[in-house]
Amino acid sequence: MTFADALSATPLVAILRGIESHEAGDIALALIDAGFTIAEVPLNSPDPLRSIAAMVEAAGDRLMVGAGTVLRAEDVDAVLDAGGQIIVSPDFKESVVRRTKERGASSMPGISTPTEAFAAIEAGADGLKIFPAEASHPGVLKAWRAVMPAELPILPVGGIDETNLSGWWQAGASGFGLGSSLYKPGRSAAEVGERAAAIRAALERVREG
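Okay, so the sequence shown: first residue is 0 according to numbering that gives the first Met the number 0, each after it adds one.
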């Protein structure tokens, strides 16, 4: 499954900050049951590489798993060696994007300006993460869409839940990253699955309406 295929199937990325390795497999399966196709484990979670490996083992090719909060090129190697396929960052570093592409994985850096966006595109990014979305506005994305490649995936991340999907989607969002609205430490796999299904249903209503 490519990043484009996974995003087309379900344009939602589960951000599992704080997940622990003993629960990672069950949460991966709950996300799959809810129709999710992409998940990331931020590297500032407890033992993130073990969690990534556990999710990959449980999910197989049904879920594209990667890491978030990837800040250094050497971290890219660690994530991919653990079985990850996507590298997500809160910022844009050319070295991180280029190492990701050299290793044949998908890169989604965080950006907040057109300058950063076009630099990331030139470096080979597969998609862009508007971060933090709370500090931006759908009108900003609408303006960017007029000048950026139409096929480029752009995902708002930060403060996204059922209440604000519509404005971003209408402005040209390709999907969304979901953090605490989906997963918080201590939330069970069943609860994560319920939240995932509810948010996915909300997005389907937005897409249909």
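Even glycine gets a Cβ: it sits at the ideal position worked out from N, Cα and C.
Would you kindly check if the distance between the Cβ of residue j and the Cβ of residue i is under 8 Å?
{"i": "S88", "j": "G103", "result": "no"}
{"i": "D131", "j": "G157", "result": "Here the sequence assigns Pro to residue 131, which means Asp is not the residue at that position. Cβ distance < 8 Å, so P131 and G157 count as in contact."}
{"i": "A124", "j": "S106", "result": "yes"}
{"i": "A33", "j": "G192", "result": "yes"}
{"i": "P155", "j": "A134", "result": "no"}
When DSSP labels each residue in this structure, what does residue i get in the three-state scheme?
{"i": "I120", "result": "helix"}
{"i": "P113", "result": "helix"}
{"i": "I159", "result": "coil"}
{"i": "E150", "result": "coil"}
{"i": "K100", "result": "helix"}
{"i": "E39", "result": "strand"}
{"i": "V69", "result": "coil"}
Would you report the Cα separation of residue i and residue j, rounded to the nearest angstrom?
{"i": "F2", "j": "L11", "result": "12 Å"}
{"i": "E93", "j": "A118", "result": "8 Å"}
{"i": "G185", "j": "D46", "result": "16 Å"}
{"i": "T112", "j": "D90", "result": "11 Å"}
{"i": "W167", "j": "I18", "result": "27 Å"}
{"i": "E121", "j": "I129", "result": "17 Å"}
{"i": "N43", "j": "V69", "result": "9 Å"}
{"i": "P41", "j": "D74", "result": "11 Å"}
When you compare the CB of residue i with every CB in chain B, is at least one pair closer than 8 Å?
{"i": "V75", "result": "Any reference to chain B falls outside this structure, which holds one protein chain only."}
Measure the beta-carbon distance from residue i to residue j and round it to whole angstroms, keeping in mind my assumption that it falls under 8 Å.
{"i": "A170", "j": "A13", "result": "Not really, about 22 Å apart at Cβ, beyond 8 Å."}
Original post:
Pairing CB atoms from the region 157 to 164 with CB atoms from the region 139 to 148, are three or more of them under 8 Å?
Top reply: no
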